[in-house]
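Written below as structure tokens is the structure these notes are about.
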Amino acid sequence: GESAPLNTLQAGVCSGSLQSCTGGAWIDDYSGVSGYEAVEATCDEQDNDCDSAVDEGLTSPLVSSTLPFDGSTAMPLNGSVTIIWDKNVNCATVNTMNITSDSPGWELSNCSGKQAVFSASGQSGETTYSVTVTTAVTDTSGCAMDTNYQFSFRTNLSTSFSIIEPDGSGDIVTAGDFYLITYTLTDQDNVSTAAFYYDTDNEDYNGTAITGICSAAPEGVGVPCAWDTTGMIPGEYYIYAITNLSGSGTARIWTGGGTDTLASNSANWLDNSIPQSGDDVIFDGTSVKDCNWNITVPIHSISLNPGYKGTVTITSTLSLSGNSVIADGMLITGDAIFYGNGQKAYSPGPITIN
């Protein structure tokens with residue numbers, strides 16, 4: 047019998063490959079060539095399409111953005127970290143060995159398409175943490191990142207808060223009079239307020255809210271807050287306060303306009319943009335559709351306002367630096383963890399109301 051001639055293409059993986067006889071004629075046959083690709087699709091430093099060029103048309107993945115972005119400050123403690131590439135990545139290469147951080151509790155939360163989300167725990171305030179995306183990360187074609195990509199961010203500077211008065215020395219008023227609570231509240235990174243309460247003891251923080259200006263007292267050093275003691279039952283009371291960070295992000299309103307209930311679907315939000323770090327998330331009468339909160343970006347607040355009749359189910363770790371308000375609907379947290387940056391402190395002594 048006649049020996050099979052060589053295939054037309056003999057470069058790369060096709061070297062030495064032979065034609066096959068079909069219908070009485072010799073034709074090119076690359077079906078048995080290991081690694082052959084009609085169009086180069088695998089980034090493996092081989093000439094898979096046998097055209098004397100290696101991995102042509104294939105490019106390395108690049109980090110296109112991160113949350114937090116490089117150099118971010120005032121980030122909530124234990125917030126999520128999101129990395130976005132310019133193309134789909136091989137999630138098998140996205141792990142804590144190939145993407146490292148000096149943050150404690152560094153764990154991969156999820157990876158899909160172009161995006162990966164990591165979580166952290168046990169972070170300290172006023173601390174800079176770095177993240178390094180190494181060249182071990184590849185895209186779905188096997189192309190590795192050309193160089194390491196590093197970014198860093200700083201956690202929120204600690205809020206300084208203390209109550210100066212009452213200190214138990216000469217703090218005596220008659221019910222119905224005003225008493226000046228004196229306090230110090232400073233925050234270099236955010237706008238903070240303090241909500242004051244009165245309590246019959248100085249433990250457990252289970253007292254009664256003081257209304258008026260003392261419900262959201264502003265920052266200041268040695269500044270007063272006037273408490274109207276009208277209606278107070280005579281007795282001895284301690285004062286305490288809990289600080290809150292004011293929102294500085296965008297209000298994101300849920301509409302449920304998408305085909306699913308996922309918070310990660312931008313079509314479900316009024317501005318077609320999913321919540322970002324520091325945003326205030328609002329569910330109101332705009333929609334009664336349920337929401338599956340499947341994103342881990344650290345937000346400022348979440349509010350289920352009057353008119354919202356749906357259910358928000360938290361299926362990820364929700365990092366929250368401000369308040370959660372549930373006026374309507376239902377919030378199901380499951381195994382979610384709420385992180386807050388508020389501080390609280392009791393007065394050094396009691397006030398006596400006659």
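Here the sequence shown stands for residues 47 to 400, where the numbers follow my numbering.
C-beta: ideal position from N, C-alpha, C; glycine also.
#### Entry: Start-end ranges of the beta strand (DSSP E) lying completely within the segment 119-176, minimum 3 residues
Within the segment 119-176, the complete beta strand (DSSP E) segments of 3 residues or longer fall at 127-131, 145-147, 153-158 and 161-165, listed in chain order.
### Query
Do you know offhand how far residue 153's Cα is from residue 223's?
In this structure, the alpha-carbon of residue 153 lies about 54 Å from that of residue 223.
### Query
Can you find a CB in chain B that lies within less than 8 Å of the CB of residue 255?
In the displayed structure, chain B is absent; only one protein chain is listed.
### Task
Please report the Cβ distance between residue 330 and residue 351, rounded to the nearest whole angstrom; I am assuming they are in contact, meaning their Cβ atoms lie under 8 Å.
Correct: roughly 4 Å between the Cβ atoms.
### Query
Roughly how far, in whole angstroms, is the beta-carbon of residue 371 from the beta-carbon of residue 349, given that I think they are within contact range, below 8 Å?
Right, their Cβ atoms sit about 4 Å apart.
### Check whether residue 286 and residue 391 have beta carbons under 8 Å apart
Yes, they are a contact pair.
### Residues sharing a beta bridge with residue 111, DSSP
Beta-bridge pairing links residue 111 to 130.
### Query
Going by alpha carbons, who is nearest to residue 282 out of 140, 149, 395 and 146?
In this structure, 395 is the residue among 140, 149, 395 and 146 with its C-alpha nearest to the C-alpha of residue 282.
### Query
Grouping DSSP H, G and I as helix and E and B as strand, with all else coil, what is residue 370?
Three-state DSSP puts residue 370 in a strand.
### Query
Among 327, 271 and 240, which one has its Cα closest to the Cα of residue 301?
Minimum Cα distance to residue 301 is reached at 327.
### Query
Distance, Cα to Cα, residue 382 vs residue 400?
Annotation note: pLDDT 49 at residue 382 (below 50); position unreliable, no value reported.
### Task
Assign residue 89 to buried or exposed, taking buried as 16 or more other Cβ atoms, counted over all protein chains shown, within 10 Å of its Cβ.
With 16 or more other Cβ atoms within 10 Å, it is buried.
### Query
By a C-beta neighbour count over all protein chains shown, 10 Å radius and 16 as the cutoff for buried, is residue 226 buried or exposed?
With fewer than 16 other Cβ atoms from the protein chains shown falling within 10 Å of its own Cβ, residue 226 counts as exposed.
### Query
Would a C-beta distance cut-off of 8 Å place residue 93 and residue 57 closer than the cut-off?
Taking 8 Å as the cut-off, the Cβ atoms of residue 93 and residue 57 count as close.
### Query
Among the residues of its own chain, which have a CB less than 7 Å from the CB of residue 86, if the five just before and after it don't count?
Excluding positions up to five away in sequence, the list reads 94, 95, 101, 102, 103 and 104.
### Query
In three-state terms, what does DSSP make of residue 59?
Reduced to three states, the DSSP call for residue 59 is helix.
### Message
Using a 10 Å radius around the Cβ and a threshold of 16 neighbouring Cβ atoms, would you call residue 307 buried or exposed?
### Response
Burial state of residue 307 is buried, judged by a 10 Å Cβ sphere holding 16 or more other Cβ atoms.
### Message
Tell me which residue opens and which closes the beta strand (DSSP E) that residue 338 is part of.
### Response
First-last of the beta strand (DSSP E) with residue 338: 337-339.
### Query
Should the segment 336-344 be called in touch with the segment 138-149, which here means at least 3 C-beta pairs below 8 Å?
At 8 Å Cβ cutoff, the stretches do not touch.
### Query
With C-beta atoms as the reference, is residue 255 less than 8 Å away from residue 290?
Their beta carbons are not under 8 Å apart, which means residue 255 does not touch residue 290 by this criterion.
### Query
From 220, 247, 211 and 243, pick the residue whose C-alpha is nearest to that of residue 230; which is it?
Checking every option, the nearest Cα to that of residue 230 belongs to 211.
### Query
Would you call the segment 313-323 and the segment 266-279 touching, i.e. three or more CB-CB distances under 8 Å?
Between the segment 313-323 and the segment 266-279, the count of Cβ pairs shorter than 8 Å is below three; the stretches do not touch.
### Through-space distance from residue 378 to residue 278, alpha-carbon basis
The alpha-carbon of residue 278 is positioned some 37 Å away from that of residue 378.
### Query
Run through DSSP, which three-state label would residue 290 get?
In the structure shown, the three-state DSSP call for residue 290 is strand.
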